[in-house]
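Below is one structure, written out as structure tokens; the observations come after it.
Numbering (UniProt numbering), first residue to last: 1 to 185.
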């Protein structure tokens, strides 16, 4: 078990075992429940709580080994005094009010008005979306019609060009055939 846990358990045990809520002896150590402590007692107490003994330096101790500056006692708020602030934060709530029939009817009317406004807004949005979709469909239809016209014009132009080419070939071919036919035969 870690040293801190062991020390905390020891302090808790001593607090529950030796604590007196009503009257407390001023010379009793509040943490350990032991009587007033001198330098040696403090070291013994620190050691019993699982803490290492405090080193005493020559400048902090007198010639006879006593501390020049005694360790100040811990001060805690007595349990009988109220804490400076509440331990549990209060929730800020509206005081409860009893509702009468008129309040309930007003609330229902407001809810119905809100729902009606929401439905009207939804219908308006749907109508706008339908108009936008219809506009997009019309644009796509116009674009497809334009592409069809362009394709038809291109095909007609190609057909005219082919007809002109074949007509020119017919005119040229009989003349060549006549010229070549005389030489061959």
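We put the beta carbon where it would ideally sit given N, CA and C, even for glycine.
Nonlocal neighbours in the same chain, by C-beta distance under 8 Å from residue i, ignoring five residues either side
i: residue 148; result: none
i: residue 133; result: none
Close-in-space but distant-in-sequence residues of the same chain around residue i (CB under 7 Å, 5 per side omitted)
i: residue 2; result: none
Beta-carbon contacts of residue i that lie in its chain and below 6 Å, excluding the five residues immediately before and after
i: residue 125; result: none
i: residue 138; result: none
i: residue 120; result: none
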